[in-house]
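For the protein sequence lines, the chains are A and B, in the order given. 36 is the number that my numbering gives to position 36 of the first sequence; each next residue is one higher, with no gaps. 125 is the number that my numbering gives to position 14 of the second sequence; each next residue is one higher, with no gaps.
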Amino acid sequence: KAGVTQTPRYLIKTRGQQVTLSCSPISGHRSVSWYQQTPGQGLQFLFEYFSETQRNKGNFPGRFSGRQFSNSRSEMNVSTLELGDSALYLCASSLSGNEQYFGPGTRLTVT
Amino acid sequence: AQTVTQSQPEMSVQEAETVTLSCTYDTSESDYYLFWYKQPPSRQMILVIRQEAYKQQNATENRFSVNFQKAAKSFSLKISDSQLGDAAMYFCAHQYNFNKFYFGSGTKLNVKP
């Protein structure tokens, strides 16, 4: 089976712009979670989608949003980018909800 | 609140030796899972081992084993016969209630040849 894929792998944006990141889960996995990883804050949970519904949400501002499509692919959107949004964004998919398999991440740099 | 604490920011081990990474967690849940993930410099997070809280037996995966102490809320990872490829960041994670994962801050493991 193919693993979790994330596109793009690298992205450079300017402050104030918006960005959309994409995640394709492992075939058959219906749960997709998103994390922000920074050197100072570690791994922080953004949200989790299951069957097109947001099931869990972390403590991030409303500028961070996501959605999941009927084929389980998920997108994450960040509007009005700030310098502090520079991070590695990780997506993870799960079949049963008890194990997560991570993608390679998208490295976002905001200038 | 669910928290996961890894008190060792960095550790070193000689190749072929054994090393233990510490993790403690705080939870009011009775049913949960614990994981160790490895993140090598390539950045891809890899699942190393998992432990169900209801199981008393410690999980083992080849050279990796855990010491799960439920009452003490402790979940340490032991790596035996360390190899150069084991060098990575190791994250302890606690999960309950359908994919609500909480990660520790990580331990950087260096393996010396």
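Ideal placement from N, C-alpha and C gives every residue a C-beta, glycine not left out. On a predicted model such as this, the values are computed, not experimentally measured, just so you know.
Of all Cβ atoms in chain B, is any one closer than 9 angstroms to the Cβ of A/F45?
Here residue 45 of chain A corresponds to residue number 45 of the first sequence, with the count starting at 1. Yes - at least one Cβ of chain B is within 9 angstroms of the one on A/F45.
Go ahead and label A/D85 buried or exposed: buried means 16 or more other beta carbons lie within 10 angstroms of its beta carbon, across all protein chains shown.
Taking the first sequence and counting its residues from 1, the one referred to as residue 85 of chain A is at position 85. Looking at its Cβ environment, which holds 16 or more other Cβ atoms inside 10 Å, A/D85 is buried.
Please confirm if the segment 4-11 of chain A is in contact with the segment 97-109 of chain A, defined as three or more CB-CB distances below 8 angstroms between the two stretches.
With the cut-off at 8 angstroms, the segment 4-11 of chain A and the segment 97-109 of chain A touch.
Relative to the C-alpha of A/L108, which candidate in A/T38, A/F45, A/Q68 has its C-alpha closest?
As a first step, residue 108 of chain A must be located in the first sequence, where it is residue number 108. Nearest C-alpha to A/L108: A/T38.
Compare the C-beta of B/I157 with all C-beta atoms of chain A and state if any pair is closer than 9 angstroms.
Looking up residue 157 of chain B in the second sequence gives position 46. Yes, its Cβ sits closer than 9 angstroms to a Cβ of chain A.
Between B/K166 and the ligand PLP, is the CB less than 8 angstroms from at least one heavy atom?
Only the bare structure without any ligand can be found here, which leaves the ligand PLP out of the picture.
Take the Cβ of B/L195 as the centre, count every other Cβ of all protein chains shown within 10 Å, and call the residue buried at 16 or more, exposed below.
Counting from one through the second sequence, the residue named residue 195 of chain B turns up at place 84. Looking at its Cβ environment, which holds fewer than 16 other Cβ atoms inside 10 Å, B/L195 is exposed.
If you draw a straight line from the C-alpha of A/T80 to the C-alpha of B/D197, how long is it?
Mapped onto the first sequence, residue 80 of chain A falls at position 80. Mapped onto the second sequence, residue 197 of chain B falls at position 86. For A/T80 and B/D197, the distance between alpha carbons rounds to 39 angstroms.
Do we get a CB-CB distance below 9 angstroms when we pair A/G42 with the residues of chain B?
Within the first sequence, residue 42 of chain A is the residue found at index 42, counting from 1. Yes, contact with chain B.
Please identify the residue among B/S193, B/F146, B/K181, B/N221 whose C-alpha is closest to the C-alpha of B/E140.
The count along the second sequence starts at 1 and reaches residue 140 of chain B at position 29. The shortest Cα separation from B/E140 among B/S193, B/F146, B/K181, B/N221 belongs to B/K181.
Mind listing the chain B neighbours of A/Q100? Cutoff is C-beta to C-beta under 9 angstroms, in chain order.
One-based indexing of the first sequence puts residue 100 of chain A at position 100. Those within 9 angstroms of A/Q100 in chain B are F146, Y148, M156, L158, A204, Q206, N210, F212.
Tell me A/I26's beta-bridge partners as DSSP assigns them.
Residue mapping note: residue 26 of chain A aligns to position 26 of the first sequence, counting from 1. A/I26 pairs with nothing; no bridge assigned.
May I ask you to report which of helix, strand or coil DSSP gives A/D85?
Against the first sequence, residue 85 of chain A aligns to sequence position 85. Residue state, collapsed to three classes: helix.
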